[in-house]
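Those protein sequence lines, which keep their order, are chains A and B.
Mapping the first sequence onto the numbering used here, position 188 (from 1) lands on 178, and the numbers just tick up by one.
Mapping the second sequence onto the numbering used here, position 76 (from 1) lands on 66, and the numbers just tick up by one.
In what follows, a single structure is set out as structure tokens and then discussed.
There are 2 protein chains.
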Amino acid sequence: MYVTLDFESAADFHTPAVPVAKSVIKQVANGQSLFFEGDTANYLYKIKSGVLRQSRVLPDGRTQIISFGFAGDIVGLPVKGYHHTNCDVLETAELELIPAKILNDPATSHPAKSDLMAYAMEEIAGMQDHFMMLALKTAKEKLASFLLTVSQRSGRELGNYTEVSLPMARTDIADFLGMTIETVSRQLSELRKAKIIAVDGTRTVVILDHDMLQDAAG
Amino acid sequence: MYVTLDFESAADFHTPAVPVAKSVIKQVANGQSLFFEGDTANYLYKIKSGVLRQSRVLPDGRTQIISFGFAGDIVGLPVKGYHHTNCDVLETAELELIPAKILNDPATSHPAKSDLMAYAMEEIAGMQDHFMMLALKTAKEKLASFLLTVSQRSGRELGNYTEVSLPMARTDIADFLGMTIETVSRQLSELRKAKIIAVDGTRTVVILDHDMLQDAAG
DNA sequence: TCTTGGCCTTGATGCAAATCAAAATCCGAA
DNA sequence: TTCGGATTTTGATTTGCATCAAGGCCAAGA
Chain A
-9 MYVTLDFESA
1 ADFHTPAVPV
11 AKSVIKQVAN
21 GQSLFFEGDT
31 ANYLYKIKSG
41 VLRQSRVLPD
51 GRTQIISFGF
61 AGDIVGLPVK
71 GYHHTNCDVL
81 ETAELELIPA
91 KILNDPATSH
101 PAKSDLMAYA
111 MEEIAGMQDH
121 FMMLALKTAK
131 EKLASFLLTV
141 SQRSGRELGN
151 YTEVSLPMAR
161 TDIADFLGMT
171 IETVSRQLSE
181 LRKAKIIAVD
191 GTRTVVILDH
201 DMLQDAAG
Chain B
-9 MYVTLDFESA
1 ADFHTPAVPV
11 AKSVIKQVAN
21 GQSLFFEGDT
31 ANYLYKIKSG
41 VLRQSRVLPD
51 GRTQIISFGF
61 AGDIVGLPVK
71 GYHHTNCDVL
81 ETAELELIPA
91 KILNDPATSH
101 PAKSDLMAYA
111 MEEIAGMQDH
121 FMMLALKTAK
131 EKLASFLLTV
141 SQRSGRELGN
151 YTEVSLPMAR
161 TDIADFLGMT
171 IETVSRQLSE
181 LRKAKIIAVD
191 GTRTVVILDH
201 DMLQDAAG
């Protein structure tokens, strides 16, 4: 059960002669929703720690995960003032709340403001990579690429191996990669049988052979 | 055969006390290339008329069309100073060349500068729509959605019908939608047999029943 | 007009992943 | 620790799209 948060009262603005917007750091627990598609965008969120999930849903219920957000990412860039995805917390996160109004008002200064354009352009490039993935890769290549990406973003070195925690459910992985949970599961099993990865419980994967995984990613 | 253009000499900058970058309008013919993946980004291009194609190619040769650019679009947003797609002209275009340097230097002013952030955010939203298309839709839904989109961007009203010209080859449509040319062709034929569209030559489609096409788009 | 070559369409077949269906496992609550 | 529901895995079957293959169309040039 997801609960939507209201940060309206969280920011405590002053209005000096030269407006300088302030940021607030908030911790948000697993399972909470930051915003929904169509909401007025009050804040952008810079992730200090934790994992977020951005998704969109077609009228008939088909779901696409747009991105998983890790530490360093900024989520919630609005279009014409509105959010265009849903955003939920998968792993309790520390977030820097950046007032969305800094985007509209050229006179308002904010430490994060100059980063935003660069971040937007990087996000565009990242989404193009995701296109290649969705349109051109096989199920095995998709899953291998996904594991490599998550490992780069939040993997823990463990001697020769890398431990990757997957805070998202198989459904989320499937909806991110454009395939079914059964196919996700089967491909994980095949990588496990090939000794490329080991699976510990359902939410932890250890990369045993990074080179083989890279090959599998195409 | 594509030819790359060099606009280095096109812009004629002065360096006044308060730098104000100038734009130049250029006409570029069908078949020319504006830039390639990896090129240093000297300009962004605002499309006044015509059609552009942005693409990326995997090492093994598989191609993904990232977007088709129509009048009003801005293409060539760089990442860390470099272009991350190839860009070719499909239909002779009038382009406003916007110097990329205005992105880096906060002191430089330019009429288009304030638009760029808004445009970047809209592009992100547009790419998310494309995700839904690639990952969730069937071949028939993809092609119907594609025709509707092109019709919105560059369709001509013809009484009750809408005439849509397709300046791109079947290969481009296929590489944009993540399918093969054979499947594109088959789906076009089915829409034609269902009297939803009429096909005139290979590059012109007339939408006969907009509602049915919308249904087919899912 | 005939030829050539590049697209595009249509047809036949194969395969990767979806769907349908159980069984196994995980994990939080009592 | 056991229980029970949710999630994940595995198996059997179907299917939509890719692949392989052939033929048609159209424009440019001989």
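Just so it is clear, CB atoms sit at the ideal spot from N, CA and C, and this is done for glycine as well.
No experiment lies behind these values; they were computed from the predicted model shown.
Counterpart residues of residue i in DSSP-defined beta bridges
i: I187/B; result: I197/B
i: E153/B; result: R146/B and V196/B
i: L42/B; result: G59/B and V79/B
i: T170/A; result: For T170/A, which the question treats as bridged, DSSP gives no partner whatsoever.
i: L34/B; result: I88/B
i: I15/A; result: E86/A
i: S175/A; result: Note: S175/A sits in no beta bridge, so no partner.
Within-8 Å CB hit, residue i to chain B
i: D50/A; result: yes
i: P68/A; result: yes
i: Q177/A; result: no
i: A125/A; result: yes
i: E113/A; result: yes
i: R43/A; result: no
i: A184/A; result: no
i: Q54/A; result: yes
i: A110/A; result: yes
i: M202/A; result: no
CB contact check: residue i to chain A, cutoff 8 Å
i: P101/B; result: no
i: M231/B; result: Limits of chain B in this structure are -9 at one end and 208 at the other, which puts residue 231/B out of reach.
i: H74/B; result: yes
i: Q142/B; result: no
i: M158/B; result: no
i: Q118/B; result: yes
i: I37/B; result: no
i: G62/B; result: no
i: R46/B; result: yes
i: G40/B; result: no
i: G208/B; result: yes
Nearest-angstrom Cα separation, counted from residue j out to residue i
i: E112/B; j: V47/A; result: 18 Å
i: P202/A; j: F60/B; result: For the record, residue 202/A in the displayed sequence is Met; it is not Pro. Cα to Cα, M202/A sits roughly 42 Å from F60/B.
i: A108/B; j: E172/A; result: 40 Å
i: L67/B; j: L198/B; result: 37 Å
i: I153/A; j: F121/B; result: At residue 153/A the sequence reads Glu, which differs from the Ile that was named. Each residue's Cα considered, the two are about 29 Å apart.
i: K91/A; j: L34/A; result: 10 Å
i: A207/A; j: A83/B; result: 38 Å
i: K127/B; j: Q54/B; result: 17 Å
i: T244/A; j: S155/B; result: Absent from the structure is residue 244/A, since the part of chain A shown begins at -9 and ends at 208.
i: E79/A; j: P157/B; result: Note that residue 79/A is Val in the sequence shown here, rather than Glu. Each residue's alpha carbon lies about 43 Å from the other.
Tell me the start and end of each unbroken alpha helix (DSSP H) in the region 66 to 140 of chain A that is at least 4 residues and wholly inside, in chain order. 91 to 94 and 103 to 126
To be precise: take each residue of the region 80 to 97 of chain A, compare its Cβ to all Cβ atoms of chain B, and keep it if any distance is under 9 Å. Which residues remain? L93 and P96
Taking a Cβ distance cut-off of 7 Å, strictly less, list which residues of the region 147 to 174 of chain A are near chain B, in chain order. G168
Quick one: which residues of the region 18 to 35 of chain B get their C-beta closer than 9 Å to a C-beta of chain A? List them in chain order. none
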